[in-house]
Structure formats: structure tokens, C-alpha cells
Amino acid sequence: MTFNDRIFGILMIVLAVAYGWGATQFPEPFGGSEAVGPETFPYLLAAVLTVSSLYLIVRPDPDNAWPWSRTGVELVIAVVVLLLYTALLQPLGFIISTTLAVGTLCWRMGATLPKAYVTGAVAGVVVFLVFNYALGLALPLGLLSFLEVG
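Quick note on numbering: full-length UniProt numbering labels position 13 of the sequence shown as 13, and the sequence is numbered without any gaps.
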């Protein structure tokens, strides 16, 4: 994996540079330049990605066999669940799609079906409430849009 890690590290540095350059294209905030603006967080992410990528290039992991057994199958299932999550987020809404995604991932990690989906439902509702009411960031309700107040 040393060669693969180094190639991946180089690709991630290219991504970090592109991401950082993209942040420079943000318009100047209304009212003039600020110490912390909309580009600050992308700059930090680009810096962390660059440092992590440099570490990957300089100190790659030793060769390991790819887990094409049960672990590999579980990784593929997790990726499919996350892709479905992003596809269903708008039509189903945040709470329902999060319940399904978190519940399925918890179930794949060994939880019983009822506990897994209760955990998913609680996570979906709590995160929805935090984003909508504490942070003021609207998340899609989808099928639950009849619950929308005002």
C-alpha cells in the first residue's frame, strides 16, 4: 500500500489546492473584509487535507491485504447506504432518510433491528431540531412537510 498511499496523497494535495483556490473565489462579504469570513472554514479544511496528505506521502502504511471478506462486503454496503441517503434526502426528508440510513448502518454493526431504527429515529429528530431551531439552518422535511409550522 505504500505506492497507493503516496499516489492517493498526491491526489489529495491536488484536491486541497483546488479546494483552497475555490475558497478564494468567494465574493467579499457585505460590509467589507472580515477577519473570519466565508472562506475561513474552506481554508482550514484545505490546510488540514494538505498536512494529512503530506503525512501519507512521507510515511505511508505498510502493505496490507484488502479485506475482500465480510469486511469488504460491509464497506460496500455502507457506501451504498450513504449514496441512497443522499439520493433520498430531498424526496423523503431529513428525518426519514436519516432514520433509514443510521438504522441500517447500526443494524449492520450488530444492533437488533428495533434498537437500530430507534437510534436512527432519535438521531434524525435530534439533529433536525438542532439544525432547524438552534442553528437556524433549514433541513428538508420531505414527506413530513405537513408538520411544518408557519
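Glycine is no exception: its CB is placed at the ideal position from the N, C-alpha and C atoms.
Since the model is a prediction, treat every value here as computed from it, not as a measurement.
Beta carbon proximity, residue 143 to chain B, threshold 9 Å: No chain B is part of this structure, which consists of one protein chain only.
Whole-angstrom distance between residue 25 and residue 13, CA atom to CA atom: 19 Å
Other residues of its chain near residue 102: CB distance less than 6 Å, five sequence neighbours each side excluded: 120 and 123
Residue 53 beta carbon less than 9 Å from that of residue 10: yes
Own chain, CB closer than 8 Å to residue 125, minus 5 neighbours either side, in chain order: 95
Residue nearest to residue 58 in terms of C-alpha spacing, selected from 21, 8, 15 and 98: 8
Beta-carbon spacing of residue 56, residue 19 below 9 Å: no
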